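In what follows, a single structure is set out as structure tokens and then discussed.
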Amino acid sequence: MKKKKAVMLINDTTYAFNLRGAIIEDLIRKGFEVVIVGQLLEHQDSLQAMGAKLVGVETGRHGTNPFLDLLLLKTYTRILRLEKPDVVLTYNIKPNVYGGMACQRLKLPYLSNITGLGTPIEHPGRLQKLAIILYKIGVAGAACVFFQNSENRIFFEQHHMLKEGVRNRLLPGSGVDLGKHPVLPWPTGEVHFLFAARVMKEKGIDLFLAAARKFASENIIFDVCGGCDDKGYLEILRNEKCIVYHGEQKDMTPFYEKCSCLLFPSYYPEGMSNVLLEAAASGRPVIASDRAGCRETLDDGITGFLVPVDNEEAVLEATGKILEMSKMERKEMGLRGSEKIKRGFDRRSVVGAYWDEIDAITKKKKNLNGK
Numbered sequence: 025m026k027k028k029k030a031v032m033l034i035n036d037t038t039y040a041f042n043l044r045g046a047i048i049e050d051l052i053r054k055g056f057e058v059v060i061v062g063q064l065l066e067h068q069d070s071l072q073a074m075g076a077k078l079v080g081v082e083t084g085r086h087g088t089n090p091f092l093d094l095l096l097l098k099t100y101t102r103i104l105r106l107e108k109p110d111v112v113l114t115y116n117i118k119p120n121v122y123g124g125m126a127c128q129r130l131k132l133p134y135l136s137n138i139t140g141l142g143t144p145i146e147h148p149g150r151l152q153k154l155a156i157i158l159y160k161i162g163v164a165g166a167a168c169v170f171f172q173n174s175e176n177r178i179f180f181e182q183h184h185m186l187k188e189g190v191r192n193r194l195l196p197g198s199g200v201d202l203g204k205h206p207v208l209p210w211p212t213g214e215v216h217f218l219f220a221a222r223v224m225k226e227k228g229i230d231l232f233l234a235a236a237r238k239f240a241s242e243n244i245i246f247d248v249c250g251g252c253d254d255k256g257y258l259e260i261l262r263n264e265k266c267i268v269y270h271g272e273q274k275d276m277t278p279f280y281e282k283c284s285c286l287l288f289p290s291y292y293p294e295g296m297s298n299v300l301l302e303a304a305a306s307g308r309p310v311i312a313s314d315r316a317g318c319r320e321t322l323d324d325g326i327t328g329f330l331v332p333v334d335n336e337e338a339v340l341e342a343t344g345k346i347l348e349m350s351k352m353e354r355k356e357m358g359l360r361g362s363e364k365i366k367r368g369f370d371r372r373s374v375v376g377a378y379w380d381e382i383d384a385i386t387k388k389k390k391n392l393n394g395k
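Right, dumping it as structure tokens:
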């Protein structure tokens, strides 16, 4: 009997492995052939070892060239016509938009995941209007649209971006794999503050650096993990004596082990911040911006501290509060955070929601073919 097939349209293999590995494994375990379409970056061998097929496509995730976007639509259409999937899963902005259009053109069932609205949506203007139109077209034929935070869903509803009859569901972000991110032993020695993300202004690196410049000492270390494409920031990271720059890391566990607090004052339009979920699951207090995609991951004053968006004074105050706490108080705050993540952010619930929708699609297709 021919295997059922799922195609995943996604920015890149790094994202696929780190955040969608559980869904890929579940689909393969349940007899699906899985094809991942995106830029071929890290973890290609691991994805292939799972049993997934990889198809390299450059999505141009930060580009705004309409001719290249039309080429991406053509590429998706060609690949999907060749693969003939039973279901298509789309993630990230351009795969959601142009992958959704390709699925509609070929009459393929698909599930869209809104992993964050993206910077163009943040500011009213022509670019926002265009982004709204493209999103609306991209998800118009989806069997279900998944949202990672309620604010994104409200935005879609307020701007009439969901076609009548299209189902939508709220997920706890991408969830966190509690098996890979158990509560870690509390560190001894120095106090470590950790920043883990792409190094860019919107992710809060300037605010992290401000805290490092004020508080760093022989016993208070500020660690930065993440890729950096900006030459200006790269020079700062290499020359600043108050921080330790570790570059991009495949495995964050050693850094969570040393971490006393994750300091992540991002104001990037997140769907749900995975680094906040992972650090909290590991039993570490967190400091995060009071914005959608971050605030959901903590209880202010209980599992960490929320700070107003892009507010240096508030970041410094929250960092000072962590330093004023005893080691036991920080540990207890982290343990409360891990309990919160266990209750509401287990990745298995995300996999279950996907399987509900995929199962409904395949049963519907079977019934139609049987008639």
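The sequence shown finishes on residue 395 if you use my numbering, and the numbering steps up by one all the way, no holes. We treat Cβ as the ideally placed atom computed from N, Cα and C, and that holds for glycine. Every value quoted in this text rests on a predicted model; they were computed, and no experiment measured them.
Reduced DSSP category for residue i - H, G, I as helix; E, B as strand; rest coil
i	result
Ser174	helix
Cys127	helix
Asn298	helix
Lys98	helix
Asp110	coil
Lys26	coil
Ile267	coil
Asp275	coil
Residue i - containing beta strand (DSSP E), residue span
i	result
Cys249	Ile244 to Cys249
Leu286	Cys285 to Phe288
Lys77	Lys77 to Gly80
Asn137	Tyr134 to Ile138
Leu330	Gly328 to Val331
Integer-rounded CB distance, given that residue j should sit under 8 Å from residue i
i	j	result
Val59	Leu51	Actually they are not in contact, since the Cβ atoms of Val59 and Leu51 sit about 10 Å apart, beyond 8 Å.
Ser136	Val111	Not really, about 12 Å apart at Cβ, beyond 8 Å.
Ile34	Asn116	6 Å
Ala155	Tyr134	With 8 Å as the limit, Ala155 and Tyr134 do not qualify as a contact, their Cβ atoms being about 20 Å apart.
Leu286	Val299	7 Å
Arg308	Gly358	5 Å
Phe246	Phe217	5 Å
Pair within 8 Å by beta-carbon distance, residue i and residue j
i	j	result
Asn173	Gly295	yes
Lys29	Pro109	yes
Cys266	Leu258	no
Leu78	Arg105	no
Ser297	Thr277	no
Asp254	Tyr291	no
Gln68	Glu82	no
Tyr100	Ala126	yes
Enclosing alpha helix (DSSP H) for residue i [first to last residue]
i	result
Ile57	Just to set this straight, residue 57 is Glu in the shown sequence, not Ile. That residue, Glu57, is in no alpha helix (DSSP H); its beta strand (DSSP E) goes Phe56 to Gln63.
Thr37	Thr37 to Arg53
Gly162	Arg150 to Val163
Ser313	From DSSP, Ser313 is part of no alpha helix (DSSP H) but of the beta strand (DSSP E) over Val310 to Ser313.
Leu261	Lys255 to Asn263
Tyr122	Here Tyr122 belongs to no alpha helix (DSSP H), and DSSP marks it neither H nor E.
Ala316	Unbroken run through Ala316: none, as it is neither H nor E.
Could you name each continuous alpha helix (DSSP H) segment of 4 residues or more that falls completely within the region 337-376, going from the start of the chain to the end?
-> 351-368
Which runs of the beta strand (DSSP E) spanning at least 3 residues fall entirely within the region 166-248, listed in chain order?
-> 168-171, 191-194 and 215-220
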